[in-house]
Structures are given as structure tokens and as C-alpha cells.
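Take a look at the structure set out below.
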Amino acid sequence: MKAKKSFIKIHIYTFSILLCFLFIACSSINLVEQYTNPAVHSLKLRKVLVIGMTPNKDIRRIFEQKVAGELSKQQVIAVKSIDFFEKSFTEIQKSERQLNEIQAQLTAAKFDAVLLAKVTGQEEKVAVTQAYRNFLRDFDSFTEDYYTNQDIYASQDSESYVLYHTETSLYCLCPGERKILYKAAIDIVDTDAIEKNINDYVKLLFKNLKDNKIF
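When you number the sequence shown by my numbering, it's gap-free, plus one each residue, and the end is 222.
In C-alpha cells:
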């Protein structure tokens, strides 16, 4: 009887770990790592340019609007790059000299910092959807176990998805240098719910910014 109880406890413990794993794996937005420069806490940022680096103008507009809205809640003047720059700005690659000139323009316009977000890579993943459904079920024999679960081998029991790796960085427009104040690496599972993904992304980003006492 005692052995039976121990077996049940092990089952429950193992299943709890499995549930945690599945919950994390199924999350569409995950903070991978982050860095905060201690110098940021001594700065008072009043005006920030928001840049979403993506060729998709709709996604860029939505992202910059959401971020600008959150910054405004922190009493920060937030300007969207899609409004600040001319339409042709992203169509031609810039030299380092041109970017230095742009930084000088931003400084002259009283910007304190630039928040820059970009996709740094992507990879295809495969998620098994049915493999653990009988985890707590006891089988009397190998044949029963195998027979019940053999459809794990079928292609319909797995699905592929694209995982995007992103970085969001906050740079100080300090005289003579581009000082990094904050950086966060966030992974996003590609779905059709683009606006929801952006909302979740911005929510996670600003929670981390708040936790690190930025703004």
C-alpha cells in the first residue's frame, strides 16, 4: 500500500513538472534574457524615438503606436519613427556618416533616447500535441500501451511553427556615443493573431522595464 502511494506521488510530481513544461512551451511570448545598464537609473528620459525595424508597414505602425502609448503613460514624449522620418527613409541603407548626422538631428530635436526593436532570427519548431495524453494511465502490458499510443507516429499528431527571435534596445543619445541603456531578447511564436502578439510583446516588455525601474 505504501509503495502504491509512493508511486502515485511520483506520478503526480512528474505530471506537475510536465504541465509546467507544456505551459512554458505553449506560451507565445517569452523573455529569454535582458541587460540593464546601471547608468539608466540616473537619467531622466523625457523624449524617446520609437523604431520598429520591419518591412511590414502595418506591423511597424501597430508596434510603434503601442509602444508610444505605453511610454506616454510614463510621462515620456514618444515619437513614432513612421511619423518622424520621410516615407523613403527605410528604403535605402544608411552609411555610418549618415546615421551620425541623423543622431545629431535627433539630439537637436531634444530626443534623449531611441528605442529600437528588430527581429534577429527565426527557426522552425515541431510541437507534439498528443504524446502526453495517457501519461497518468496505467497499462497492463507493452502491447496495450503501444496499441493505445501508436498514433503518436502519425504526422497529424505534430505541428510545426515558426519561432522568431527579437531584440529591443534602448539607446541614450549621449554626446559623442551611442550608449546602450537596456536590451531584452524576446522570442515570439508566429501566429495569425498579429495584433494580440504585439500587445503581449509590449506588455511583457514594459513589465520588464518596470521591474528594472526604467522610466
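Cβ coordinates follow ideal geometry from the N, Cα and C atoms, glycine included.
Quick check on residue i: does DSSP put it in helix, strand or coil?
i, result
"Ala85", "strand"
"Asp197", "coil"
"Ala46", "helix"
"Ser79", "helix"
"Ile109", "helix"
"Lys64", "helix"
"Asn37", "strand"
"Lys73", "helix"
"Leu180", "coil"
Rounded to whole angstroms, what is the Cα-Cα separation between residue i and residue j?
i, j, result
"Tyr154", "Tyr171", "37 Å"
"Asn206", "Lys73", "7 Å"
"Asp90", "Ile58", "10 Å"
"Ser79", "Glu93", "23 Å"
"Ser35", "Tyr168", "11 Å"
"Val86", "Val55", "6 Å"
"Leu5", "Leu113", "Residue 5 lies beyond the stretch modelled for the chain, which goes from 8 to 222, so this question has no answer here."
"Tyr208", "Asp119", "23 Å"
"Asp65", "Asp152", "50 Å"
Quick one: measure Cβ to Cβ for residue i and residue j, integer angstroms, because I've assumed they're closer than 8 Å.
i, j, result
"Glu174", "Thr127", "5 Å"
"Glu88", "Glu71", "The question names Glu, yet the displayed sequence has Ser at residue 88. Ser88 to Glu71, Cβ: 6 Å. Contact."
"Leu188", "Leu180", "That belief does not hold up - the Cβ atoms of Leu188 and Leu180 are roughly 10 Å apart, past 8 Å."
For the 8 Å Cβ check, are there 3 or more pairs between the stretch 209–220 and the stretch 35–50? yes
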